[in-house]
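Protein chains in written order, with the numbering used here: chain A, 17 to 98; chain B, 3 to 680. Each residue gets a CB set at the ideal place from its N, CA and C atoms; glycine is no exception.
So this is what it looks like as structure tokens:
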């Protein structure tokens, strides 16, 4: 079962790295919304922009990246499904 | 190009084309004088018969089809179905309004309701799919073993889903009564019919394919009015790209209007009124007696001085309308005081984050904003009706990919909502403020008639100040077509979209409750030997019973139930999230730990809500409950404490109870396996 353990370790590392990014965007950036609102981006105050669009797009990218890396890991361990 | 699409994609393309052609036809008919009422009816009839058609075509007598659509839903369509499943009447109708009223602070909903899908993708969906059973209680039962945890899970799932489904059916009643002027109760039962035609015969399979159809309608309906508005204001039909400039203008208008002398005066008048009510409440019951005596002596004086009969009658009515006893007076005057105090507040700038007059107030806002995001995020990742959707894909990989599609389809609406709010605010600030009240546009009076807009010229200058206008949040989405002077067909489209959002969510929730009762309680606990056929009979009758029950509750117009929906997130989050995540990622978590954690989490959430929100519960005979909130966190975010307590309890109790090595087999199976099994 060494293979299963190695697979799980890889999955877990990827999961927790991405969770860290998610946490940083959701709570870290939002915490400073008032401060970064002083800056402008595409005509928006930056804090407003991040809460209304920026973070949402980053969430989508996080999931996209997770799927991509998991496909790679699956292929490496010979468990891809098609 | 058509041939590169799958058969299903082509079907839905034809369906969308058909729907757009239908809208076009109605638009032309409207030009030729078709009355608005008939447009409303056409939308209602057309969309519900579409759903019924799909529901009947997808009928099934197979258990796996009924509970998880036979696990044959491709990632792309599962994403769309999840989108419709997820976006409720509140997202569709309420969110833009909340954003209009609270500006930046409302964005907590936008972030929270989307960021939850990251947790679903990374922590839950692939493992649920690899496990491959039917319900969330199934998963917890298999991971921790025993019926106790299954029952707790069933109870929490029903608790979180039932109020939610009632709110959806209520939403259907509201929409149908406003747009096709059906009576509210009849509207509720139209909603019930709309739900049953989708789910009764075909279970999850039928619900999935109707939800895809409903998603297409709701997204078209949501985006169309904003796109038109955006084109009118900026010349660019993509509101998400250009509303930054509009926001800038809104800020300029706010700067000019907020501190104009008339606004300041109006706010002062409202503050005085709030103070008067506060005084009257303090002097109860004396103030009530005094007021009645004063009116009586005034009436007597008029009577003896042969004044106009009309004035006397008016005064007598005023006396009759006085509260009957001090208790009633307290309730009524408190409401009046709060509403006046609300209008007297310094308005907040739309783009300002964590507004507050002092640094301390700003920090309270900041903490509440983050706590609300936390609750909505974790709640999203724990609501059973959403999680079950990831059982329905053909493989683990498709389950992962369908979370991506889910979030993409949800984003389309959630990125539009803040734009909606900004455009609506621009219209109000530039076309309503400082306008003579006699010259206000027609829609104001129309919506004032049903109580969604109210205007009071408190300083009697005949001109509308912002503080004199109060809007119900629902009115933003419902009235935007009229505000921008669009044809009625757009209003009908919005109604159809709201209906689709409410029906699709109700379907998903209803199915969750049904499968918790029929699959988890009846089949797993009461009669494990039941035949497949009989299990389906039970499932269908449960569905009918729960649906009728929910519609009956909704028909009573329970005001409080709507505010209870926000609590569903805290309850679901603290019940399921810690037990599911630790169950997957921490082999040491034990049955007793999970059981204790789920119960402590939910109980703490409910305890916090009750003690912060209520002072007395008449039917229990308790009073003096109210406590100071911890760290100034509002009751809606009670899950913040519930979830943390849930995690802590599971960890502590697991560490002091005996390890359960048999959990490792389960974990091996869900963490690594050749995935296509079901």
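- Pairing residue 85 of chain A with residue 521 of chain B, the inter-Cα distance amounts to about 36 Å.
- Using a CB distance cut-off of 7 Å, residue 123 of chain B counts as an interface residue toward chain A.
- By the Cβ-count criterion, residue 621 of chain B is exposed, with fewer than 16 other Cβ atoms from all chains shown falling within 10 Å of its own Cβ.
- In the pairwise beta carbon analysis, the segment 43-62 of chain A is classified as not touching the segment 232-239 of chain B: fewer than three pairs are separated by under 8 Å.
- In the DSSP assignment, residue 607 of chain B falls within the alpha helix (DSSP H) that extends over 593-615.
- The bridge partners DSSP lists for residue 455 of chain B are B:473.
- Within chain A, the residues 79 have their CB atoms less than 7 Å from the CB of residue 405 of chain B, given in chain order.
- For residue 50 of chain A, at least one C-beta of chain B is nearer than 7 Å to its own C-beta.
- Nearest to residue 665 of chain B by C-alpha distance, out of B:468, B:594, B:649 and B:555, is B:594.
- The segment 362-369 of chain B and the segment 608-624 of chain B do not touch, with fewer than 3 CB-CB distances between them shorter than 8 Å.
- The Cβ neighbour count for residue 399 of chain B, taken over all protein chains shown within 10 Å, is at least 16; the residue is labelled buried.
- The Cβ atoms of residue 57 of chain B and residue 199 of chain B lie closer than 7 Å to each other.
- In the DSSP annotation of this structure, the continuous segment of the alpha helix (DSSP H) that includes residue 179 of chain B starts and ends at 149-181.
- Per DSSP, the beta-bridge partners of residue 619 of chain B are B:624.
- When C-alpha distances from residue 642 of chain B are compared across B:85, B:376, B:344 and B:248, the shortest belongs to B:376.
- Note on geometry: alpha-carbon atoms of residue 80 of chain B and residue 70 of chain B lie some 11 Å from one another.
- Residue 93 of chain A and residue 51 of chain B have their alpha carbons spaced roughly 49 Å apart.
- Interface flag for residue 535 of chain B against chain A is unset, since no Cβ pair is found closer than 7 Å.
- Listed along the chain, the chain B residues whose CB falls inside 7 Å of the CB of residue 58 of chain A are 246.
- A direct Cα-to-Cα measurement between residue 168 of chain B and residue 476 of chain B gives close to 18 Å.
- The alpha carbon of residue 124 of chain B has as its nearest neighbour, out of A:21, A:43, A:45 and A:81, the alpha carbon of A:81.
- The Cβ-Cβ distance between residue 151 of chain B and residue 161 of chain B does not fall below 7 Å.
- Annotation: residue 529 of chain B to residue 147 of chain B spans about 18 Å, alpha carbon to alpha carbon.
- Interface with chain A (7 Å Cβ-Cβ cutoff): residue 592 of chain B is excluded.
- The alpha-carbon separation between residue 419 of chain B and residue 197 of chain B amounts to approximately 26 Å.
- Taking C-beta atoms under 8 Å as the contact rule, residue 504 of chain B and residue 170 of chain B qualify, at a distance of about 5 Å.
- Remark: three or more beta-carbon pairs, one from each stretch, lie closer than 8 Å, so the segment 407-423 of chain B and the segment 113-127 of chain B are flagged as touching.
- By the criterion of a C-beta distance shorter than 7 Å, residue 255 of chain B is surrounded in its chain by 431 and 432, once the five residues flanking it on both sides are discounted.
- Taking all protein chains in view, the Cβ of residue 258 of chain B is surrounded by fewer than 16 other Cβ atoms within 10 Å, so the residue is classified as exposed.
- Membership of residue 88 of chain A in the alpha helix (DSSP H) is indicated by the continuous run 71-92.
- Of B:205, B:78, B:249 and B:668, the smallest CA-CA separation from residue 424 of chain B is found for B:249.
- Residue 34 of chain A and residue 379 of chain B have their alpha carbons spaced roughly 16 Å apart.
- In the DSSP annotation of this structure, the continuous segment of the alpha helix (DSSP H) that includes residue 299 of chain B starts and ends at 288-306.
- Going by DSSP, residue 313 of chain B is part of the alpha helix (DSSP H) stretching over 311-322.
- At least 7 Å separates the beta-carbon of residue 525 of chain B from that of residue 518 of chain B.
- The three-state secondary structure of residue 202 of chain B, taken from DSSP, is coil.
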